[in-house]
Amino acid sequence: MNSISKREFTELTQDDVGDPGVFQRLLAQETVPVPEFLKPSHPGFSDVDMPIWRYTSREFHRLEAEKMWSKVWQFVGRTDQIPNAGDNIVYDIVDQSVVVIRGDDGVIRGFHNSCLHRGRALRTASGSTAVLKCPYHGFTWDVCGKFKSLPSAWDFCHLKEQDLSLPQVRVDTWAGFVFINFDADAAPLLDYLDVLPEHFKAYFFDRAYIQAHVQRKIPCNWKVAQEAFMESMHTRATHPQIMTFTGCLDSQYDMYGDNLSRSITPMGIVGPHLTGVSEKVVLRDILQESGRMASSDAGKYTLPDGMTARKYIGELNREIFGAAAGADLGQATLAELEDAILYSVFPNTQIWAGFGSNIVYRVIPDGDNHESCLFDVLILGRHAEGTECPPAARVNRLADDAPFSSAAEIGALGAVFDQDMRNLPYMMKGLKASHKGAVSLATYQESRIRHHHVTLDKYLGLDEVR
Ligand code: FES
Ligand SMILES: [Fe+2]
Numbered sequence: 109m110n111s112i113s114k115r116e117f118t119e120l121t122q123d124d125v126g127d128p129g130v131f132q133r134l135l136a137q138e139t140v141p142v143p144e145f146l147k148p149s150h151p152g153f154s155d156v157d158m159p160i161w162r163y164t165s166r167e168f169h170r171l172e173a174e175k176m177w178s179k180v181w182q183f184v185g186r187t188d189q190i191p192n193a194g195d196n197i198v199y200d201i202v203d204q205s206v207v208v209i210r211g212d213d214g215v216i217r218g219f220h221n222s223c224l225h226r227g228r229a230l231r232t233a234s235g236s237t238a239v240l241k242c243p244y245h246g247f248t249w250d251v252c253g254k255f256k257s258l259p260s261a262w263d264f265c266h267l268k269e270q271d272l273s274l275p276q277v278r279v280d281t282w283a284g285f286v287f288i289n290f291d292a293d294a295a296p297l298l299d300y301l302d303v304l305p306e307h308f309k310a311y312f313f314d315r316a317y318i319q320a321h322v323q324r325k326i327p328c329n330w331k332v333a334q335e336a337f338m339e340s341m342h343t344r345a346t347h348p349q350i351m352t353f354t355g356c357l358d359s360q361y362d363m364y365g366d367n368l369s370r371s372i373t374p375m376g377i378v379g380p381h382l383t384g385v386s387e388k389v390v391l392r393d394i395l396q397e398s399g400r401m402a403s404s405d406a407g408k409y410t411l412p413d414g415m416t417a418r419k420y421i422g423e424l425n426r427e428i429f430g431a432a433a434g435a436d437l438g439q440a441t442l443a444e445l446e447d448a449i450l451y452s453v454f455p456n457t458q459i460w461a462g463f464g465s466n467i468v469y470r471v472i473p474d475g476d477n478h479e480s481c482l483f484d485v486l487i488l489g490r491h492a493e494g495t496e497c498p499p500a501a502r503v504n505r506l507a508d509d510a511p512f513s514s515a516a517e518i519g520a521l522g523a524v525f526d527q528d529m530r531n532l533p534y535m536m537k538g539l540k541a542s543h544k545g546a547v548s549l550a551t552y553q554e555s556r557i558r559h560h561h562v563t564l565d566k567y568l569g570l571d572e573v574r
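Written out as structure tokens, the structure reads:
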């Protein structure tokens, strides 16, 4: 196993660009206390090639369904999507389906989406309902899963009422994120999330709500889409317009246990590929092109002489994010106000840390099709303490060929996702056409992808990627 040492990075030759030490040096310039958890946490990994069947074969997909999706905590939605009794989310994963529904006692439960009569799916889409009534013959349950009625009771004397409660899957929540788990013996969600709740506790996620939610089908294996967001190394080739304000190759990559990894890409600094970019250009471009700052109105702000764009945008975010959350962010680091601090929760959910513009990505297989997936992007805002949570934005399900830039609610991020989408179908094409039969990962910058596959192997009983 190759271990990653800092020394390897400080000895970069003149021709090399990128320095994973940049973020720590930026932290050293902060004028407020810096949280300990922003330090590097990297166990090191091997650089063995990964077999392509992991992305392309039906056999691997079935293994995932049988041994992984049946065991892991899975993000199904946010509590603000189901604020009232009867509000529900239908969550489909491979060939399983679950109705996650709020009861009239306020408790969120998950029920196998299958009628106890002859098995029809009870709900076909998320929404709100007074009862869970099967559309086929009308077997009915209340929103807590308690049996209510069936047609022709005289003909079902063999069914005992105590056997007619809807079978449940486990549901748990953290910071408004609702998770399910099919495995009755799984460790509790909070254990599964490892250090995530600790790292996120300052960010007011309990007062988060969905500002925007866009979903689209992508013709690739779910891991191919997920991995498009696990490294910043593709910026130069795929997103050249963000290089003026993105320290892409200067990112720090961290891992915690089996289920969590993180990348931190410094923002508001000139990318390592470029020289001679003025601070004014950095400010203009980050406002216009990042899609994540508190304002995108580049014409409204002028950089005072002598101030860096990183400082200016951090202070702007401090003011606007603080006002939105009704909180004093005076002690927030610039890093937590503007940098791209992205955590992934195994297997398929990624959540941006920090005090504002938190994006959530989720990728799930498109039913039982291992060559297609559904990609969800949520943007979370905050409401002030004591104020009512604004209604969650409804999901904007784009047509299969619609660009993300047609979703105005995600601003400049749409164009960035469209650039990512231009790679993904061709990843599948190329993986299937591969003569090499394996993919090769960068040892450090793609270590989150390695980490993801190492954990996947633990579930599948394989040992291919360590
Ligand atoms: S299958 Fe549901 S009521 Fe008959
Ligand atoms: Fe990208």
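109 is the number of the first residue of the sequence shown in this note's numbering; add one for each residue after it.
The C-beta atom is built at its ideal place from N, Cα and C for all residues, glycine as well.
All figures in this text were calculated on a predicted structure; none of them were measured in a lab.
- Secondary structure of A448 (DSSP, three-state): strand.
- A residue is listed when its beta-carbon falls short of 6 Å from at least one non-hydrogen atom of ligand 2; in chain order these are A336, H342, T346, H347, D528.
- Proximity of the beta carbon of G253 to ligand 1 is not indicated: no heavy atom of the ligand is located closer than 8 Å.
- Contact residues of ligand 1 (beta-carbon closer than 7 Å to any heavy atom; chain order) are C223, H225, R226, G227, R228, C242, Y244, H245, G246, F247.
- Judged by DSSP secondary structure, T457 falls within the beta strand (DSSP E) whose first and last residues are 457 to 460.
- Non-local C-beta neighbours of S149 in its own chain, meaning closer than 7 Å and more than five positions away in sequence, comprise D362, M363, Y364, ordered along the chain.
- Sorting R210, H347, K179 by C-alpha distance to the C-alpha of N192 places R210 at the top.
- With respect to I449, I372 sits close: the two C-beta atoms are nearer than 9 Å.
- Three or more beta-carbon pairs drawn from the stretch 488 to 505 and the stretch 312 to 319 are found closer than 8 Å, and the two stretches are therefore classed as touching.
- Apart from sequence neighbours up to five positions away, the residues of its chain that approach P275 with a beta-carbon distance below 6 Å are H220, ordered along the chain.
- For S542, no beta strand (DSSP E) encloses it, and the DSSP letter there is neither H nor E.
- In the structure shown, V251 adopts coil according to DSSP, grouped into three states.
- Within the DSSP bridge table, the entry for F183 names F287 as partners.
- Taking the C-beta atoms as reference points, C242 is found no nearer than 9 Å to D213.
- Beta-bridge annotation (DSSP): M158 is paired with V547.
- Taken through DSSP and simplified to helix, strand or coil, N367 comes out as coil.
- Partner residues in a beta bridge of M535, as assigned by DSSP, do not exist.
- Residues G194, D195 of the same chain have their beta carbon placed closer than 6 Å to that of S236, with the five preceding and five following residues left out of the count.
- Contact annotation: the stretch 327 to 334 touches the stretch 468 to 481, with at least three C-beta pairs closer than 8 Å.
- Taking all protein chains in view, the Cβ of D447 is crowded by 16 or more other Cβ atoms within 10 Å, so the residue is classified as buried.
- Taking each of G129, P159, P141, K147 in turn and checking the Cα distance to L570, the smallest one comes out for P159.
- With a beta-carbon spacing of about 7 Å, N367 and T563 fall inside the 8 Å limit used to define contacts.
- Linking S273 to H559 through their CA atoms gives a straight-line distance of about 40 Å.
- With respect to the 9 Å criterion, V286 and D293 are not classified as neighbours on the basis of their beta carbons.
- In this structure the stretch 318 to 325 lies against the stretch 506 to 522, because at least three pairs of beta carbons, one per stretch, are closer than 8 Å.
- Here the C-alpha atom of L135 lies approximately 29 Å from the C-alpha atom of G519.
- Between L445 and F463, the beta carbon gap of about 6 Å places them in contact (Cβ cut-off 8 Å).
- A residue is called buried once 16 or more other Cβ atoms fall within 10 Å of its Cβ, and V130 is buried on that count.
- By the 16-neighbour rule on beta-carbons within 10 angstroms, W262 is exposed.
- A check of alpha carbon separations from F308 across F290, Q132, G284 identifies G284 as the nearest.
- In the structure shown, K268 falls within a coil segment according to DSSP collapsed to helix, strand and coil.
- Within the same chain, and ignoring the five residues on either side of K388 in sequence, the residues whose Cβ sits closer than 6 Å to its Cβ are L411.
- Judged by beta-carbon spacing, Q334 lies within the 9 Å limit of V471, meaning their Cβ atoms are closer than that value.
- For the stretch 214 to 245, the continuous beta strand (DSSP E) assignments of 3+ residues that do not extend past its boundaries occur at 216 to 220, in sequence order.
- A distance below 9 Å separates the beta carbons of H342 and N531.
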